[in-house]
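Chains V and L, in that order, are what the protein sequence lines are. Going by the numbering used here, the first sequence opens with residue 993, and the numbers climb by one from there. Going by the numbering used here, the second sequence opens with residue 993, and the numbers climb by one from there.
Number of protein chains: 2
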Amino acid sequence: MSDPSYLAALEFLATLLPELAASEAAQPVRPPVPLDRAQALVPPLGAKARPLPEVLASLRALALNTPLTTTPQFFNQLFGGRDPAATAADMITAHLNVSMYTYKAAGPLVLVENALIEHMLAIAGFTAGEATFTNGGSLSNLLAVALARNEAQARRGDPDPDPDQAGQWTGKWALYTSAEAHYSMPKAATILGLGRGAVRVIEIDEQGRMIPAALAARLRADLQAGVRPVLINATLGTTVMGAFDPLEPIAEIANQHGIWLHADGALGGSLLLSRERRAQLFAGLERCDSLTWDAHKLMGVPLTCSALLLREPGLLDRHLGEDAHYLFQTDEDQLNPGLRSIQCGRRNDPLKLWAAWQHHGDDGYDARFAQLFALRDHVVARIDAHPDLRMSHAPQSLNVCFEMDGVSSEQLCLQLNQRGLAVVGYGRVNGRDTIRLVIANPAQTSAVLDQFLEDLVATGSELRRASS
Amino acid sequence: MSDPSYLAALEFLATLLPELAASEAAQPVRPPVPLDRAQALVPPLGAKARPLPEVLASLRALALNTPLTTTPQFFNQLFGGRDPAATAADMITAHLNVSMYTYKAAGPLVLVENALIEHMLAIAGFTAGEATFTNGGSLSNLLAVALARNEAQARRGDPDPDPDQAGQWTGKWALYTSAEAHYSMPKAATILGLGRGAVRVIEIDEQGRMIPAALAARLRADLQAGVRPVLINATLGTTVMGAFDPLEPIAEIANQHGIWLHADGALGGSLLLSRERRAQLFAGLERCDSLTWDAHKLMGVPLTCSALLLREPGLLDRHLGEDAHYLFQTDEDQLNPGLRSIQCGRRNDPLKLWAAWQHHGDDGYDARFAQLFALRDHVVARIDAHPDLRMSHAPQSLNVCFEMDGVSSEQLCLQLNQRGLAVVGYGRVNGRDTIRLVIANPAQTSAVLDQFLEDLVATGSELRRASS
Chain V
993 MSDPSYLAAL EFLATLLPEL AASEAAQPVR PPVPLDRAQA LVPPLGAKAR
1043 PLPEVLASLR ALALNTPLTT TPQFFNQLFG GRDPAATAAD MITAHLNVSM
1093 YTYKAAGPLV LVENALIEHM LAIAGFTAGE ATFTNGGSLS NLLAVALARN
1143 EAQARRGDPD PDPDQAGQWT GKWALYTSAE AHYSMPKAAT ILGLGRGAVR
1193 VIEIDEQGRM IPAALAARLR ADLQAGVRPV LINATLGTTV MGAFDPLEPI
1243 AEIANQHGIW LHADGALGGS LLLSRERRAQ LFAGLERCDS LTWDAHKLMG
1293 VPLTCSALLL REPGLLDRHL GEDAHYLFQT DEDQLNPGLR SIQCGRRNDP
1343 LKLWAAWQHH GDDGYDARFA QLFALRDHVV ARIDAHPDLR MSHAPQSLNV
1393 CFEMDGVSSE QLCLQLNQRG LAVVGYGRVN GRDTIRLVIA NPAQTSAVLD
1443 QFLEDLVATG SELRRASS
Chain L
993 MSDPSYLAAL EFLATLLPEL AASEAAQPVR PPVPLDRAQA LVPPLGAKAR
1043 PLPEVLASLR ALALNTPLTT TPQFFNQLFG GRDPAATAAD MITAHLNVSM
1093 YTYKAAGPLV LVENALIEHM LAIAGFTAGE ATFTNGGSLS NLLAVALARN
1143 EAQARRGDPD PDPDQAGQWT GKWALYTSAE AHYSMPKAAT ILGLGRGAVR
1193 VIEIDEQGRM IPAALAARLR ADLQAGVRPV LINATLGTTV MGAFDPLEPI
1243 AEIANQHGIW LHADGALGGS LLLSRERRAQ LFAGLERCDS LTWDAHKLMG
1293 VPLTCSALLL REPGLLDRHL GEDAHYLFQT DEDQLNPGLR SIQCGRRNDP
1343 LKLWAAWQHH GDDGYDARFA QLFALRDHVV ARIDAHPDLR MSHAPQSLNV
1393 CFEMDGVSSE QLCLQLNQRG LAVVGYGRVN GRDTIRLVIA NPAQTSAVLD
1443 QFLEDLVATG SELRRASS
């Protein structure tokens, strides 16, 4: 294809992307765009065609007014930074535009995906297992619940799980997850037909971890009442507090009753690559049936890149593999990942992770997490030493939750953003709104974090004076 | 961010992307890469870091060996071509890396999505409705079934649908879809806990359309047996034959029993923009409850870009909206699309479609489809006129299924690909393997199609001679 308009678009990008990078460097925090100004950036769609240069100019204006997620002053979500290899791979993905269902359609890119899956399974200790990429942690979790539910239902009486009959059952079912777990659990319950009422919310300790005794008690009561457990979800890195549920005692309970144990490591899964933390945070992982692992969070690749790993092979094919003669025609099944995926047409998410991982190696990610944990310790020490700042809990991973005395966390976060100083969110910990500082960007430094705390205290003091 | 390694990656892309485009122009069909050569392109992942230039070189080698989906000789899937505005927007998306849940995180890009949704709803005639973007037609269909199931269950007795209790029900449920429907229907049934056995496969006529009388008969039998219908799925553009199920008589049946009617327009939905065809293909759409519409197929934007449109508002929030204090904090709900989406973290799929649509306008898409239909008529006339070629059925949309006398369609497709002449798939029609020629690329011409038929006949004649 020598389409001149595509070459014009590439030329435009060659100018725009460095301009965007320079703009980010010059002003790392963009205060929120007022709605009327945002509206003006979005010309309506209609019958008439617009020349390509005009459309590209609209894209440029939008890009220059989009919140920045990649600069070191962005602490607001569970991702941050920009990986050069991964971003290049994602742009190549847009150019290639293959669909990841068959070797016929995607060629060697299927082998990239398979290599990645093999490496991730080995790291998780699920060496005999299988995996599939989904479009985010919510969908990985949903798929885990669906597989667990189908398997649990099939085991009721049938000698062999029969997906053809899955769900044609009666009775009450429940799933178990902590009070700090991600909202994708109730969402999955609603979508999968279990209902939000099926979600048992288990109490947490002061660090945000599920209390195994509370889980055991709730399970006992349910079993006595004839409720059937679908799955226990242990969160590895909760959204607000960054807590890791204790896998060993939870696995003990799950195994005792033969219940599927899922580990939601959407956030924390990547920390498997931290050699120092791994043993402590993941003890018991080998007893889990499934693991959600989002590489688009702590591994720094563009959204989305999430995998669902399964300890035992065969379930994906049994519950997702459909005959499709027009699609799955030649090549062995191992080369047709569409047989094991929740999607049919599927964008190539693995390539960008593979590229980043090639660039950094396990060693590089290990070093990254060591650095991020060191920065966390640095910030926590600063907060502990400051008379006006108060930690909400001792953090287990990279979320640091704290408050400033006498200042609304919400107001403080909004002000920091309005003033172009930082993007940081707030979350509720033990019933109080706290500032949630996420340290996820490998470009992070202690100088940036010191400046952040300085700006925060100065802004907070002003707010305090204004309100008194 | 003035990260020099990112600038190096951009420089690499500035050279690579035109090189890839030139390579496509020079050799529009890449014969399949043998497995051993593909393996050599995928260095294993391991502990050690690799320098960025080496990794980028790996990406280049992979890209130069990936099957081409964008050239006019690619007729193999339901998409084709490369839109310059959309591809540029997708690359900008990789650079910006925002998540589409809130105005806080995505700023004006939320308004882009809302503008697109409004325009699509207006075109579908669902002006009072709502919509959400998913990661492909399979997930849009899955979501439609989930919403229909929750609503059907809730209506059983409850005055107000209660998603908290969804699914805690008893009894047999079923969904209805044609024998030519996409495999995402049984896949959704397995995932959603209805089971593959819940899928009623309704007979089709010789053009691949669901036979309403057969649907009515099956429904009657099920209702008499106490089975509860979840949803009727009418396909607008089946995968192999491109058939449009007749919406009017199906809606009549659905309305009579108060059953959710879903239109799977993953392929065909885009043809709503064909002013000439619209009335004929979509009569009755206003009586459907939901519509799947994949823009990554006939509208030419990179994968994935799929929307689920709903005629009535409120269901997405009721069944997908979860409290998440740390996320949905400020701004009105209309600006927080995460409340209505199946995902939490979500890549920006709408921007690329918005850019393409700005560039072409409704007028441009109307002209595109007029051109594609004219090319289809041209090809069909050629096939009809050729003594060795035989149409399988009169096509309703842009899939042309035909056979060559005395030649295996499978062998013929493989040979065309091996010889670098064309990429085309085969599919089963009325029990016979036929060549499925998909005319989806706006860069298509009658000269390319004539050459394709010439190559096909020559190759087929050779195969016939060799086997006789």
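Note that beta-carbon positions come from the ideal geometry of N, C-alpha and C, so glycine has one too. Nothing here was measured: the structure is a model prediction, and the numbers come from that model.
Query	Result
Is S1132 of chain V closer than 8 Å to S1298 of chain V when the C-beta atoms are compared?	yes
I believe A1030 of chain L touches P1342 of chain V by the beta-carbon criterion, under 8 Å. Please report the beta-carbon distance rounded to the nearest angstrom.	Not really, about 15 Å apart at Cβ, beyond 8 Å.
Going along the chain, which residues of the region 993 to 1014 of chain L sit with their C-beta nearer than 8 Å to a C-beta in chain V?	M993, S994, D995, S997, Y998, L999, A1000, A1001, L1002, F1004, L1005, A1006, L1008, L1009, P1010, L1012, A1013, A1014
Please confirm if the region 1369 to 1383 of chain L is in contact with the region 1050 to 1067 of chain L, defined as three or more CB-CB distances below 8 Å between the two stretches.	no
Taking C-beta pairs closer than 8 Å, name the residues in chain V that G1356 of chain L reaches, listed in chain order.	A1041
Looking at the unbroken alpha helix (DSSP H) that takes in I1109 of chain V, where does it start and where does it end?	1100 to 1116
Taking all protein chains shown into account, decide if A1077 of chain V is buried (16 or more other Cβ within 10 angstroms of its Cβ) or exposed.	buried
Going along chain C, which residues have a C-beta under 7 Å from R1339 of chain L?	In summary, chain C is missing from the structure at hand, where the protein chains are V and L.
Could you pull the DSSP bridge partners for S1282 of chain L from this structure?	L:H1254, L:L1302
Note down, in chain order, all residues in the region 1116 to 1134 of chain V with a beta-carbon under 7 Å from any beta-carbon belonging to chain L.	N1127, G1128, G1129, S1130, L1131
Does the Cβ-Cβ distance between A1041 of chain V and H1288 of chain L come in under 8 Å?	no
Pair every Cβ in the region 1196 to 1211 of chain L with every Cβ in the region 1164 to 1175 of chain L, then say whether three or more of these pairs are closer than 8 Å.	yes
So Y1168 of chain L is in the beta strand (DSSP E); what residue range does that whole segment cover?	1165 to 1170
Would you grab the beta carbon distance between P1064 of chain L and N1433 of chain L for me? Rounded to a whole angstrom, and I think it's under 8 Å.	6 Å
Does E1011 of chain L pass the burial test, meaning 16 or more other C-beta atoms within 10 Å, or should it be called exposed?	exposed
Thinking C-alpha only, which one of V:T1061, V:A1039, V:R1052, V:Q1335 is nearest F1125 of chain V?	V:Q1335
For the region 1063 to 1079 of chain L, which residues have a beta carbon sitting closer than 9 Å to at least one beta carbon of chain V?	T1063, P1064, N1068, Q1069, L1070, F1071, G1073, R1074, D1075, P1076, A1077, A1078, T1079
Using C-beta distances below 6 Å, list every residue in its chain close to G1276 of chain V, excluding the 5 sequence neighbours before and after it, in chain order.	L1239, E1240, A1243
Who are the Cβ neighbours of A1206 of chain L in its own chain at under 7 Å, not counting the five residues just before and after it?	I1194, E1195
In the DSSP assignment, find the beta strand (DSSP E) that holds N1222 of chain L and state where it starts and stops.	Inspection of the sequence shows that residue 1222 of chain L is occupied by Val rather than by Asn. Residues 1220 to 1227.
Are there any heavy atoms of the ligand HEM lying less than 7 Å away from the beta-carbon of A1041 of chain V, as far as the coordinates show?	Absent from the structure shown: the ligand HEM. Ligands present: none.
Measure the Cβ-Cβ separation of L1283 of chain L and G1261 of chain L and say whether it is below 8 Å.	yes
Would you list, in sequence order, the uninterrupted alpha helix (DSSP H) runs of no fewer than 4 residues that lie entirely inside the region 1039 to 1104 of chain L?	1044 to 1055, 1076 to 1088, 1095 to 1098
For chain L, is any of its Cβ atoms less than 8 Å away from the one on T1230 of chain V?	no
Below 8 Å on the Cβ atoms is my guess for M1112 of chain L versus W1346 of chain L; work out the distance and round it to an integer in Å.	Not a contact, Cβ separation roughly 11 Å.
Can you name, in chain order, every residue of its own chain whose Cβ lies under 8 Å from the Cβ of V1440 of chain V, other than the five neighbours on each side?	P1064, Q1065
With distances taken between CB atoms, is the gap from L1060 of chain L to V1430 of chain L smaller than 8 Å?	no
Can you tell me whether L1300 of chain L is buried or exposed? The criterion is at least 16 other CB atoms within 10 Å of its CB, across all chains shown.	buried
Can you give me the start and stop residues for the alpha helix (DSSP H) that G1463 of chain V sits inside?	The structure shown does not extend to residue 1463 of chain V, since chain V spans only 993 to 1460, so no value can be given for it.
Tell me whether M1291 of chain L sits in a helix, a strand or coil according to DSSP, three-state version.	coil
Excluding the five sequence neighbours on either side, which residues of its own chain have a C-beta within less than 6 Å of the C-beta of L1139 of chain L, listed in chain order?	L1307, H1311
If I measure Cβ to Cβ from T1451 of chain L and keep anything under 8 Å in the same chain, skipping five residues before and after, which residues do I get?	L1404, Q1407, L1408, R1411, L1413
Please identify, using Cβ separations under 7 Å, the residues of the region 1242 to 1265 of chain L that lie next to chain V, in order along the chain.	none
Under the assumption that A1246 of chain V contacts L1228 of chain V (Cβ atoms under 8 Å), give the Cβ distance between them as a whole number of angstroms.	Actually they do not touch by this definition, with Cβ atoms about 15 Å apart.
Measure from the C-beta of V1193 of chain V to each C-beta in chain L and report whether the shortest distance is under 8 Å.	no
Of all Cβ atoms in chain V, is any one closer than 8 Å to the Cβ of L1404 of chain L?	no
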